[in-house]
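Structure record follows, encoded as structure tokens.
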Amino acid sequence: MDLSPEQIEQQMVAIIKERDDLRIDNQLSKMAIVELENQIMELDRLLTNSQGLVRGMQQYTGTFLSNASTESVNSTARTSRARTDFLVAGNKSFIGPWECSPLEYPLLAPIEDLFRNGQRQKALNQMSQLLMRRDLDSRSRVNTKLLFAALIQSSGQNLMRALRLTEEALCLASEVNLIELAGKANYWRGLVFLCLEEWANAKWCFVLSSHLQGHSDLIEQGRTVVDKELSKLPKHKQVVTEDFKFFCSATMEAYVKEMEP
Numbered sequence: 001m002d003l004s005p006e007q008i009e010q011q012m013v014a015i016i017k018e019r020d021d022l023r024i025d026n027q028l029s030k031m032a033i034v035e036l037e038n039q040i041m042e043l044d045r046l047l048t049n050s051q052g053l054v055r056g057m058q059q060y061t062g063t064f065l066s067n068a069s070t071e072s073v074n075s076t077a078r079t080s081r082a083r084t085d086f087l088v089a090g091n092k093s094f095i096g097p098w099e100c101s102p103l104e105y106p107l108l109a110p111i112e113d114l115f116r117n118g119q120r121q122k123a124l125n126q127m128s129q130l131l132m133r134r135d136l137d138s139r140s141r142v143n144t145k146l147l148f149a150a151l152i153q154s155s156g157q158n159l160m161r162a163l164r165l166t167e168e169a170l171c172l173a174s175e176v177n178l179i180e181l182a183g184k185a186n187y188w189r190g191l192v193f194l195c196l197e198e199w200a201n202a203k204w205c206f207v208l209s210s211h212l213q214g215h216s217d218l219i220e221q222g223r224t225v226v227d228k229e230l231s232k233l234p235k236h237k238q239v240v241t242e243d244f245k246f247f248c249s250a251t252m253e254a255y256v257k258e259m260e261p
């Protein structure tokens, strides 16, 4: 049975409407997933804080049990504090060490301020919404992903998600030849690997960010922490993991894997 032009038009309108409805449903589903992920991160943070309080009480109680155990606890605390001091020093301003463009800073600075003032969940929610915008250029998208990763990494929660964001930012920066931002992405990736205690991976990230102008002190601080930890490991464990990405050609990757960073 042949359809009239009017019937064809009606069917096309119905199909287009159905398509648009599905797109909206898909977008709402994505937003719901992001919201759930952020809630999970917040619960992780609360759980970690609770565990920290328990460990603190255990350590405090341990001081009454034996001098030997007290010395062990103090040694561990000193090592942990040294790492934390470095990370805090690097995180006083998430954006500060690298200037953003006038377009980016009004977008990112308010979110950074929210996070610094203790409104973590609101900051993370706004980051998720910002990344869904289609009008972000490549540079702004890279910086947005890096700030999001920095906020997550600074919380100490969901570090694998922070790592994924830094690698997405690094991949995009490399594709569009934003050399300085690629170095910035490698630096933040190194901080995440440092938190994950993947020392060789962290060291290579700091090496790959060493071309950044004017930021050698921060990078050198990272390398100092990592070198100290690597020196405690046997030689065969002072290498990058199999899944470490150099984000360069296969030939160059094979070459640098054989080098001592």
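In UniProt numbering, the protein residues as written are 1 to 261. We treat Cβ as the ideally placed atom computed from N, Cα and C, and that holds for glycine. Predicted model, so just to flag it, every value in this text is computed and none were measured.
Under three-state DSSP, which class holds residue i?
i: Gln126; result: helix
i: Gln119; result: coil
i: Gln10; result: helix
i: Thr224; result: helix
i: Val176; result: coil
i: Val142; result: helix
i: Val240; result: coil
i: Met160; result: helix
i: Gln213; result: coil
i: Lys232; result: coil
i: Leu165; result: helix
i: Glu18; result: helix
i: residue 277; result: Only positions 1 to 261 of the chain appear in this structure, which leaves residue 277 out of reach.
i: Leu87; result: Residue placement at Leu87 cannot be trusted, given a pLDDT of 44 that sits under 50; the coordinates are not used to answer.
i: Arg134; result: coil
i: Ser154; result: helix
i: Leu191; result: helix
i: Phe148; result: helix
i: Tyr60; result: With a pLDDT of 38 at Tyr60, under the threshold of 50, the modelled position of that residue is not reliable, and the figure given next carries that caveat. Reduced to three states, the DSSP call for Tyr60 is helix.
i: Leu3; result: coil
i: Glu196; result: Reading off the sequence shown, one finds Leu at residue 196, where the question assumed Glu. Leu196: coil per DSSP, three-state reduction.
Going by the CB atoms, is the gap between residue j and residue i shorter than 8 Å?
i: Arg189; j: Leu218; result: no
i: Leu165; j: Leu196; result: no
i: Ala123; j: Leu114; result: yes
i: Leu130; j: Leu107; result: yes
i: Val226; j: Leu194; result: yes
i: Ser209; j: Tyr187; result: yes
Buried or exposed for residue i, going by 16 or more other Cβ atoms inside 10 Å?
i: Leu233; result: exposed
i: Ser155; result: buried
i: Gln58; result: Only weak support exists for where Gln58 lies, its pLDDT of 48 falling under 50; the value from the coordinates is given anyway. Answer is exposed; the Cβ neighbour count stays below 16.
i: Arg78; result: Reliability fails at Arg78, whose pLDDT of 37 lies under 50, so the model's placement of it is uncertain and the value that follows must be treated cautiously. Burial call: exposed.
i: Arg23; result: exposed
i: Ile16; result: exposed
i: Phe64; result: A caution first: Phe64 carries a pLDDT of 34, below 50, which makes its placement in the model too unreliable to give a value.
i: Leu3; result: exposed
i: residue 264; result: Lying outside 1 to 261, the shown extent of the chain, residue 264 is not represented and no answer is given.
i: Ala14; result: exposed
Since residue i and residue j should fall inside the 8 Å C-beta cutoff, what is the C-beta to C-beta distance between them, to a whole number of angstroms?
i: residue 273; j: Ala185; result: Any answer about residue 273 is impossible in this case: the structure gives the chain only from 1 up to 261.
i: Trp199; j: Phe244; result: With 8 Å as the limit, Trp199 and Phe244 do not qualify as a contact, their Cβ atoms being about 12 Å apart.
i: Gln153; j: Val192; result: 5 Å
i: Arg139; j: Leu181; result: 7 Å
i: Phe247; j: Arg223; result: Not a contact, Cβ separation roughly 19 Å.
i: Ile111; j: Gln126; result: 5 Å
- When the Cβ atoms of the stretch 133-147 are set against those of the stretch 164-171, are three or more pairs found closer than 8 Å? yes
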